[in-house]
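Quick mapping for you: the protein sequence lines, in order, are chains A and B.
Just so we're aligned, residue 42 is where the first sequence starts under the working numbering, counting upward by one.
Just so we're aligned, residue 1233 is where the second sequence starts under the working numbering, counting upward by one.
We treat Cβ as the ideally placed atom computed from N, Cα and C, and that holds for glycine.
Note sheet for the following structure.
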Amino acid sequence: MARWAERLAGIFPWPGRSTVKRPTGPESSNPMHPIEEIRVRLDADMQKLETLIADGPGAGPSEGDKALPKQFEDLKVKYTGKKGEISGLLRSMGTLAPEARPEFGKLVNELRDYADARFSALQAKIQEVEIAGSLSGSSLDATLPGYRVPAGSLHPMTQVREEIISFFQGLGFEMALAPEVDNDWYNFEALNIPPDHPSRDMHDTFYVDDKVVLRTHTSNVQVHYMETHRDQPIRIIAPGFVYRVDNDATHSPMFQQVECLVVDKDISFANLKGTLFLWAKHMFGTETTMRFRPSYFPFTEPSAEMDVSCYFCKGSGTLDGAGGAPGQPCRTCKTTGWIEIGGCGSVDPNVFGKVGWDPEKFSGFAFGFGIDRITMLKYGIPDISHLTRNDNRFLKQF
Amino acid sequence: MEVSLNWIKKYVDLSGSTDGRPDDDRQALSQALTSLGLEVEGMRVVGGLPGVVSAEVLECARHPEADKLSVCQVTDGTGTYPVVCGAPNVAKGQKVLLAKVGAELPGRAGEPPLKIKKAKLRGQESHGMICAEDEVGLGESHDGILVLDPSVPVGLPMDRIPGLGDVVFELNITPNRPDALNHTGVAREIAAKLGKPLRYPEAMLNEEGADIGGLVQIDLQDIAGCTKYVGRVIQGVKVGPSPDWLVKSLKSIGKRSINNVVDLTNFVLLELGQPSHAFDLGRIKGRKVVIRKGRDGEKLVTLDGVERKITSEDMLIADAEGPMVLAGVMGGKDSEVGPETTDIFLEVAYFNPATVRRQGRRHGLSSDSSYRFERGVDPLHTAWVADYLAGLIARWCGGKVAKGRLEKSSPEHPTSPRIVYLRPGRVNKLLGTDLRPGECVRRLEAIGLKLKDDAQARGEEAMGFAIPGFRGDLEREADLIEEIARLGDYNAIPVVLPTLPLVSAGLPPGESLARTLRHHLRDAGLNEALNLRFSSRKALAKLGLAPEDPRSAYVPLRNPLSEEWEILPTTTLPALLNAAAYNQNNQEKNVRLFEIAKCFYHRPEERTDRAPGILEEEMLYLVLAGEWADRRPWSGDPATAGPVEFHHLKGILENLLIATGIKSQYAFPGSEPYLHPVESGAILADLAPPAPGTEILYGSKRAAGWQKQARIGGFGILHPRVLGGFDLKGPVLVAEVSLSGLLAAVPRDRKFKAFGNFSAVSRDLNLLVDESRTHGDILSKMPVSRIPILQEARLNSVYRGTGVPAGKKALHYSFIYRHTEKTLTDEEVNKAQEKLNQELAKDPGIVFK
Ligand SMILES: [Zn+2]
């Protein structure tokens, strides 16, 4: 203010019209310079409008609020419009001494900048008030259900299958496939399961004819793949459906397995365990415990079954901790606390022999597990028939 | 297979086992068996009843008001209970079985179970019951209460009282381990695990009878089917009830006692794993035992009472006149040992496993004997078992063992143990372990192998092991390595990730496409279904396919589970329609299912030695029913609800084809017999030129060569007849698309198309046409391809109603014009539109409005 007054003093005397007295200060006895006078008046007018805004915060638009935009526009035109008072000052510049004009022009422009700044600040405030008013006027019932595109779903087995494939793909396993209806050679003989051998009892087989069977395991992919990729390192993952003559709460005549095969020069049983542990921790969480126990598959030697701790009873065998009655036996694991996940083992030398590989040069491991079983575990599905009944109430959950 | 713990204890001392487990730690024993590969599938406590414990009678006084009753004070160590007892033999100081309050007893034969409650008997409190044998299922005796041995501690649950209780383990023995199909075999494994000796039974034989040579002759003819046959004779036997120990042993694992001779053969089978057969020597005609092939036309009534037709493939034990036994599988009624039998011919043999297996299958028979023969019995043990069993029979059934034994064998039959070589370095390489050779030897010798040829001591790598006869499965080094791993516990083998080179691991193209489709359809609001890949002729017939349709060439199963699942599906449509009906019946009216399913087509001409002559194809199916949009149930907006329409399905397919980048056209109507004859269509896809060398498949047909366009699917409203056939409420919409067809049509490249930044100009047109005219028809009249600046001819609405005469409809089109390099002038657009209008005007059926 002081600087203003000094600079205004430099262009006195003003042939002015103002009769307004300065409100306060040492110069109050003097009539104000017109530039200053406009400014003081502008400040006062603005303040009036601002008071109106401040009147009813959050109480909805008052009558005053509604009139605000109009008053604001009028005021803006009055001061900064083409025919407004600030422009009027410039137009009157001709009456000044030529040497005073530059300084006067500068001061008027400063006043204009000042006014513009005040108006845009006030405009922002008025808009805020308008937005606040429009927001509080909403009668939306936000609790109504949303408009949704019909919700689709992927079968839970598809999701688990993709998760397993992605995991092994990340480790560099290539996905391989083999026929579901296959020659006895691929499903049995090349896998060291000769005809009239009791190990065929482990496979309740669907026959098309004497030589053609519905594959009883995904292991036929081992034979197909090794026959066509001779003498080279192998790392494959092979998901697919397999068939057994079996139908109850935990067995379906068709179920999905995933098979892995790794063959190279120095592959050991310890490598099999390492790979399976890595996967089991990924799939079932780090708290899951695992065990290997000896088993028998004609195409692996040594052969093992891999178990993970039961998901339902957390390995205890009873449902005490899982919302069941005290001592209520866990049906999922038949109270053993363990769930069989799959079979595995080192590739049997006879299999290498059947497909024409040298078992002295190559070693490998293979494992296979049921995607159905893992899906049931993961989602707590009690009955395998849910997986193929296609009940909307089931499918829509995934 | 079931094994009894009491029985096992005869062969291995389980007390104070090396790892400090008590002998009755059944859980630990069960885990040990499983860790050995003899998986325990179940454990059954025998002879135990909850709430029944050993107790001591502290006081015993006459009931004040009943002569025949006693009032006892009985303790189980934790409490003392008053018990009123009616047995005459109850006395102070006895150890008895006490059924405590809450116990439930099975009840005597023909009576309901008995629940023990607090009671008052003639004024005297009674809090329990002192049990008699028959009350706790231990026997028939009700003469008095069961008095236990004074050494039995009080408070033991009944099943743990020596002599009363037992545990039966149900073992899942894998086919490679016939040695574990008996009690000594299982005991051997436990002994090896615990580091204890195995107490194998010993043969006790006194040959006091006549010389066997004068009693019977053996003629081994079928030396392929029977490589060793041993006979013994026991004379003067008394056939009758078995001794108590024998009945109990058999009963413990649920076997019925028949008579002492038969029971002993069964006992030896369960003890040693070697089946045997006892003949009534007196009924062997001509005193001649012939092991021969059957003859067509021969008949044999087996022990189960069934008359079996013998074929030339069968192997028989016959006498001079005819068949006596279906070798290795089941005996015949005629030569059966009965009460009148005095002389016994005992057979112990080694039958060829595959022969017995085929024999059993042919006659639909499986017995304890055949089960073991087909897995392989100990070929080196045959004569010894004959001696052992003959000794047992003489001891327990009376009689004298004839001098000598008859033995016939094939030159092929092994006479000494097989030697298998092991390289300890190989053990560690294949297992990833760091085992010393001495540890390998220790583990193998614990299960009966013998280090025969310690070539290693001579500086050679391999060690030779003599394999006992009962381990026919140990043939190669790999088999020994497995034994070493197994006996040391698999869980002790290190966990090491393999070190393998980095490779790029892709997905097969079919898998990538299937994933794209699945995810796209999921996002489009469909639910993925999964059906069993079984179907039936009946279900397939409902679709009304022509006989020459590839989907009529189904593959039947030889052994289906049921009539509904008798063939492999050539289409999953019937299964999906059944699923839709199932949902409709469960108040789930809105069905939006899709499935990518494998279908199987019979292609006999492609059958080879290795190829089954069946084409496997993946197909995509869609089934829609009910309301399409259930998303605004409360909005009251009719446009958002209503039954699913043809164009819903068409829109899904259009989007699907866009998502895969496939260029396609439709043909209307479609030609599928299961679709509405008018409201249906076929998808014609522009096929991408195949990469050289790839096979071209689509729509279940192997294409002769590449063609530009192919029919890859059909869709539309389900034919009302089919709708009825599946008990569906309509309308139901279905689509069937070949995945290999889609795959052949997916363009290998997708290229950016410039669109320019200049604004578009549009012109509208209202056309009045007959109801019978289609949009496609009108569109085809527009010279769209001849007006380069015409970007899109868009149908905005089809209107019927006010201002439109009956039988007509108004089509409102917008034409979007745009040039990629400049702003179009009005004149240019008007000129183009004029050209279009002139073309349309040539059609007298089109009226401009
Ligand atoms: Zn459980």
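So which residues on chain A does B/Pro1741 lean against when the C-beta distance must stay under 7 angstroms?
Simply none; closest approach about 11 angstroms.
Report the three-state DSSP secondary structure of B/Gln2070 (helix, strand or coil).
helix
Counting only Cβ-Cβ distances shorter than 9 angstroms, please list the residues of the segment 404-431 of chain A near chain B, keeping chain order.
Ser404, Phe406, Leu428, Thr429, Arg430 and Asn431
Between the C-alpha atoms of B/Leu1854 and B/Thr2006, what's the straight-line distance to the nearest angstrom?
26 angstroms
For chain A, check one thing: does any of its Cβ atoms lie closer than 9 angstroms to the Cβ of B/Ala2042?
no
Segment contact flag, the segment 325-342 of chain A with the segment 1401-1417 of chain B, C-beta cutoff 8 angstroms, min 3 pairs
yes
Beta-carbon neighbours of B/Thr1266, restricted to chain A and to distances below 7 angstroms
Arg334
Got a sec: does ligand 1 put a non-hydrogen atom nearer than 8 angstroms to the Cβ of A/Gly356?
yes
Under 8 angstroms by Cβ, that's how I've got B/Asn1504 and B/Thr1416 pegged, so tell me the actual separation to the nearest angstrom.
Note that residue 1504 of chain B corresponds to Leu in the displayed sequence, not to Asn. With a Cβ gap of about 6 angstroms, B/Leu1504 and B/Thr1416 count as contacting.
Confirm, please, whether the CB-CB distance from A/Leu255 to A/Val283 is below 9 angstroms.
yes
How far does the beta strand (DSSP E) with A/Asp223 in it reach, from first residue to last?
Val222 to Asn224
Residues in the segment 291-325 of chain A having any Cβ partner in chain B nearer than 8 angstroms
Ser293, Pro294, Met295, Val303, Asp305, Asp307, Ile308, Ser309, Phe310, Ala311, Asn312, Lys314, Gly315, Thr316, Phe318 and Leu319
Classify B/Gln1897 as buried or exposed, calling it buried when 16 or more other Cβ atoms lie within 10 Å of its own Cβ.
exposed
Nearest-angstrom Cβ-Cβ length linking B/Val1969 and B/Ile1915, presumed shorter than 8 angstroms
7 angstroms
Under the criterion of a Cβ to heavy atom distance below 8 angstroms, does A/Gly365 qualify as lining ligand 1?
no
Just to confirm before moving on: does the CB-CB distance between B/Pro1649 and B/Pro1700 stay below 9 angstroms?
yes
Among B/Asn1822, B/Glu1848 and B/Leu1919, which residue has its Cα nearest to the Cα of B/Val1876?
B/Asn1822
Is any heavy atom in ligand 1 found nearer than 8 angstroms to the beta carbon of B/Gly1274?
no
Output needed in chain order: residues of the segment 1749-1760 of chain B with a Cβ under 7 angstroms from some Cβ in chain A.
Arg1750, Leu1753, Arg1754, Asp1755, Ala1756, Gly1757, Leu1758, Asn1759 and Glu1760
Is there at least one Cβ from chain A nearer than 9 angstroms to B/Arg1783's Cβ?
no
Just to check, is the beta-carbon of A/Cys385 closer than 8 angstroms to a non-hydrogen atom of ligand 1?
no
Buried or exposed (CB count within 10 angstroms, at least 16 for buried), A/Val190:
exposed
Could you check whether the segment 303-310 of chain A touches the segment 398-411 of chain A, counting it as contact only if at least three pairs of C-beta atoms, one from each stretch, sit closer than 8 angstroms?
yes
B/Pro1254 by DSSP, collapsed to three states: which one?
Caution applies to B/Pro1254, whose pLDDT of 43 falls short of 50 and renders its modelled position unreliable; the value that the coordinates give is listed next. Coil at B/Pro1254, not helix or strand.
Using the C-alpha atoms, what's the distance from A/Ile167 back to A/Val61?
Only weak support is given to the placement of A/Val61: the predicted model assigns it a pLDDT of 46, under 50, and the value that follows is read from those uncertain coordinates. Between A/Val61 and A/Ile167, the C-alpha separation is close to 30 angstroms.
Would you mind telling me which residues of chain A sit closer than 9 angstroms to B/Asn1818, beta carbon to beta carbon, in chain order?
Asp432, Asn433 and Arg434
Would you list the one or two residues that DSSP bridges to B/Arg1464?
B/Leu1578
Can you find the residues in the same chain that come closer than 6 angstroms, C-beta to C-beta, to B/Ser1529, ignoring five residues on each side of it along the sequence?
The sequence shown places Gly at residue 1529 of chain B, rather than the Ser named in the question. There are no such residues.
Can you pull out the residues from the segment 1569-1590 of chain B whose beta carbon lies closer than 9 angstroms to at least one beta carbon of chain A?
Pro1585, Ala1586, Thr1587, Arg1589 and Arg1590
Pairwise C-alpha distance: B/Ala1264 and B/Arg1253:
Any reading at B/Arg1253 must be qualified, since the residue scores a pLDDT of 41, below 50, and its modelled position is unreliable; the value itself is stated next. Those two C-alpha atoms are separated by around 11 angstroms.
For the alpha helix (DSSP H) that contains B/Met1233, what are its first and last residues?
Neither: B/Met1233 is in no alpha helix (DSSP H) and is coded neither H nor E.
Is any heavy atom in ligand 1 found nearer than 8 angstroms to the beta carbon of A/Cys351?
yes
Tell me the DSSP secondary structure of B/Ile1362 in three-state form.
strand
Closest Cα partner of A/Gly211 within the set B/Ser1736, B/Gly1874, B/Asp1981 and B/Arg2018:
B/Ser1736
As a quick exercise: from B/Lys2081, B/Lys1640 and B/Asp2009, pick the residue whose alpha carbon is nearest that of B/Ala1456.
B/Lys1640
Our contact map puts A/Phe440 next to A/Gln200 with C-beta atoms below 8 angstroms; I'd like the distance itself, whole angstroms only.
This structure cannot speak to residue 440 of chain A, because chain A is shown only from 42 to 439.
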